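Working notes, structure below.
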């Protein structure tokens, strides 16, 4: 799994870097005042309000034996979306609790069935070869499942998000992403992770170029080669800096991803720095540790603010030229990703 | 009332935002966007999408309106509620916040109630059912690891020659049990505390302090018979289920016996402190006494011993833990005495060739 970069996406808390494309762009750039066409997103949410939402969610979830969980999730996503603003308009989330519940119901039998099979595999008998084969097969299945679920969840979430009434959509083929993911992971292993920056960029490129806002496609023009140097430097400094050198790479990666993303005639621009990123993470850690979990809403809000704080969209944002072109998507993908959530994977 | 407002209109076809003149008409909302055709939305078809929180843009959509929306402020919504009272419930009223708070409080109370109910009924109920159905082998495994864990922090008195009389005693006590599913095993631990207890699966632990308090083999036989009944009735298994975290139940349900091992230290900690319910105690007393009678062992030793520790506890309460883990009342001891007197079976002499005062010194090293 790639390192989660806490990129804010409307409606979600944290996301792996590749999903970040979605945090619609804002602008920035010192001296950008020269260009009238610089757009900055803003996040208006407050930790206190989010805590209120969360408390109600917890109690109602408990009182309904868990059923309300899905509706609670929708409330949180709606709040985060509607607190994110671009050019005077808030994003909107259109998902419903019912959809999420149905998506989960479709997927849950797979989870329990799979878990049962795993824990009772020995009942099926078979020798050592068989057992190793089964273990290998489950790893392979997992390798396919993760990217598949990731794409399907993204597809669902984008389809339920809008800006100025125009829906987003994801139109990439899950199989293409699975192929990219499997090949990339294997190459990564073969090259002792040196392929990582290129691989991360390829994933980002795939996810970005398949994301649409109405009839307008996002584009990506980087190949990741520029990241290799930063990657190697962080790698070399891992031991002397106790791992903190990775913040340089993570920040560089985020900047690189955004700076190579365009939509229409506008290009994103990020000024994220490693120390800002580090202080975000340290602050979040302190918040989590000292509030016994009650700090979650503030962590979320900090992440959301951070995601937009260094971002801008430079160029013409031709609203009238973006036409509605919505695609439907089922919540089953969301359910799939939910499985991974449950298993401790942060897919966003 | 003010009926004309300014707002923004999104047509749902492009991302252009148009200023619009909004009029709260008699039959619906009339929208007159700049540079676009005027339209009217019946009040019954208008839904509020956003604007439930302070500072949030208010967004009204038309049901089935394919993304068209008007953006207004909270004052407009207040006016809309007044103009269309029949549909007002769908539009956010900040005053309704208090209702939501009430709902939250209600949900909080309900949650607490459910948690309490879970604690009082669900967990014990589940523990009882589970305890009655776990396989003996599983109990044995739990008992073995719990016993091992308990004994490991103390010295176990394992000298086979010194233990011999106690083994004979245990064999005599358990001999009459029919179709015994359990193999009973006695562990003696070098600890001056006066206590004895049963772990699941047939493991019985007696502390040296209790041995020192017994005057006759019959008294110890009474204690053993009592603990044996706790095992047979699965009292300990049930108590452990209830008193330790639900994690064990989880691992059990998931078919993961590995969880048992992780659970043992926790169980061992509480083992010496478990308090049986009155019902369980009486059950163990009465059935234990019957067991002695069936085996032809003088059951009076049992009541004698209970009475003795009951009297002695006043002198050193912390030492006589047996009294707090096996609470007896004078009434119950009296009842045992009556039951013991009623037995008709021929008595046999336990350990006739043994000097009990020496035999009970299982933990003495050398000499």
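Chains as they are written, first to last, in my numbering: chain A, 205 to 552; chain B, 19 to 385.
Quick reminder that beta carbons are idealized off the backbone N, C-alpha and C, glycines included.
Being a predicted model, the structure only gives us computed values, none of them experimental.
Please classify residue 334(B): is it buried, with 16 or more other beta-carbons within 10 angstroms of its beta-carbon, or exposed? exposed
Touch check for the segment 219-227 of chain B and the segment 156-163 of chain B: three-plus C-beta pairs under 8 Å? yes
Got a sec: which bits of the segment 43-56 of chain B sit with their beta carbon under 8 Å from any beta carbon on chain D, in order along the chain? Although the question refers to chain D, the structure presented lacks it and instead comprises the protein chains A and B.
At the 9 Å Cβ level, is residue 227(A) part of the contact set with chain B, yes or no? Any reading at residue 227(A) needs caution, since the residue's pLDDT is 40, under 50, leaving its predicted position unreliable; the model's value is listed next. The beta-carbon of residue 227(A) is placed no less than 9 Å from the nearest beta-carbon of chain B.
Strictly below 9 Å CB to CB, what residues from chain B border residue 421(A)? Those do not exist, as residue 421(A) stays about 14 Å from chain B at its closest Cβ, beyond 9 Å.
Check whether the Cβ atoms of residue 83(B) and residue 61(B) sit closer than 9 Å, and answer yes or no. no
At 4 residues or longer, and completely inside the segment 352-403 of chain A: list those alpha helix (DSSP H) runs for me, N to C. 378-394
Checking contacts by CB at 9 Å: is residue 368(A) closer than that to chain B? yes
Using the Cβ count rule (16 or more neighbours within 10 Å means buried), how would you classify residue 343(A)? exposed
Is residue 76(B) helix, strand or coil when you go by DSSP? strand
DSSP state of residue 220(A), grouped into three classes? Per-residue confidence for residue 220(A) stands at a pLDDT of 37, beneath the threshold of 50, marking its modelled position as unreliable; no derived number is given.
Listed from N- to C-terminal order along the chain, which residues in the segment 81-103 of chain B have their beta-carbon within a distance smaller than 8 Å of any beta-carbon of chain A? Those would be 84, 85, 86, 87, 89, in chain order.
May I have a chain-ordered list of the alpha helix (DSSP H) segments no shorter than 4 residues that lie completely inside the segment 252-332 of chain A? Listed in chain order, they are 273-286, 301-323.
Using a beta-carbon distance cut-off of less than 7 Å, what residues from the segment 242-275 of chain A approach chain B? 248, 253, 259, 260, 263, 264, 266, 267
Cβ pair residue 410(A), residue 381(A) closer than 9 Å: Yes.
Our contact map puts residue 417(B) next to residue 358(B) with C-beta atoms below 8 Å; I'd like the distance itself, whole angstroms only. Outside the displayed range of chain B (19 to 385) lies residue 417(B), so it cannot be described from this structure.
Determine which residues share a DSSP beta bridge with residue 174(B) and list them. Looking at the DSSP output, residue 174(B) bridges to 207(B).
Assuming residue 204(B) and residue 191(B) are in contact, meaning their beta carbons sit under 8 Å apart, how far apart are those beta carbons, in whole angstroms? Your pair residue 204(B) and residue 191(B) does not check out as a contact, with CB atoms roughly 10 Å apart and the cut at 8 Å.
Strictly below 7 Å CB to CB, what residues from chain B border residue 296(A)? 67, 68, 77
Rounded separation between residue 234(A) and residue 394(A) - CA only: Reliability fails at residue 234(A), whose pLDDT of 43 lies under 50, so the model's placement of it is uncertain and the value that follows must be treated cautiously. Taking the straight line from one Cα to the other gives about 42 Å.
For residue 453(A) and residue 438(A), believed in contact at Cβ under 8 Å, the rounded distance: About 4 Å separates the beta carbons of residue 438(A) and residue 453(A), which is inside the 8 Å limit, making them a contact pair.
C-beta atoms of residue 57(B) and residue 49(B) nearer than 9 Å: yes
Check residue 193(B) in the structure and name its three-state DSSP category. coil
Mind checking if residue 268(B) is an interface residue toward chain A, Cβ cutoff 9 Å exclusive? Note that residue 268(B) has pLDDT 47, beneath the 50 cutoff, so the model's placement of it is unreliable and the number below is only indicative. Answer no: the Cβ-Cβ gap between residue 268(B) and chain A never drops below 9 Å.
For residue 27(B) and residue 405(A), what's the separation of their Cα atoms in angstroms? 39 Å
Name the chain B residues that come within less than 7 Å of residue 438(A), Cβ to Cβ? Simply none; closest approach about 38 Å.
Buried or exposed: which applies to residue 313(A), given that a residue is buried once 16 or more other Cβ atoms fall within 10 Å of its Cβ? Looking at its Cβ environment, which holds fewer than 16 other Cβ atoms inside 10 Å, residue 313(A) is exposed.
Using three-state DSSP, classify residue 143(B) as helix, strand or coil. helix
Excluding five sequence neighbours on each side, which residues of the same chain lie with their C-beta closer than 8 Å to the C-beta of residue 448(A)? 482
Give the residues of chain A in contact with residue 31(B), contact being defined as C-beta atoms less than 7 Å apart. 527, 528
Would you say residue 532(A) faces chain B, with C-beta separation under 9 Å as the test? no
Would you call the segment 133-142 of chain B and the segment 93-108 of chain B in contact, with 3 or more CB pairs under 8 Å? Below 8 Å, too few C-beta pairs join the segment 133-142 of chain B and the segment 93-108 of chain B to call them touching: fewer than three.
Which class does residue 470(A) belong to by DSSP, given the choice of helix, strand or coil? The answer is strand: DSSP assigns residue 470(A) an E or B state.
By alpha-carbon positions, which one of 155(B), 179(B), 338(B), 146(B) ends up nearest to residue 376(B)? Checking every option, the nearest Cα to that of residue 376(B) belongs to 179(B).
Classify residue 165(A): buried if its beta carbon has 16 or more other beta carbons within 10 angstroms, exposed otherwise. The displayed coordinates of chain A run from 205 to 552. Any statement about residue 165(A) would go beyond what the structure contains.
For residue 299(A), go through chain B and note every residue whose CB falls closer than 8 Å to its CB, in chain order. Simply none; closest approach about 12 Å.
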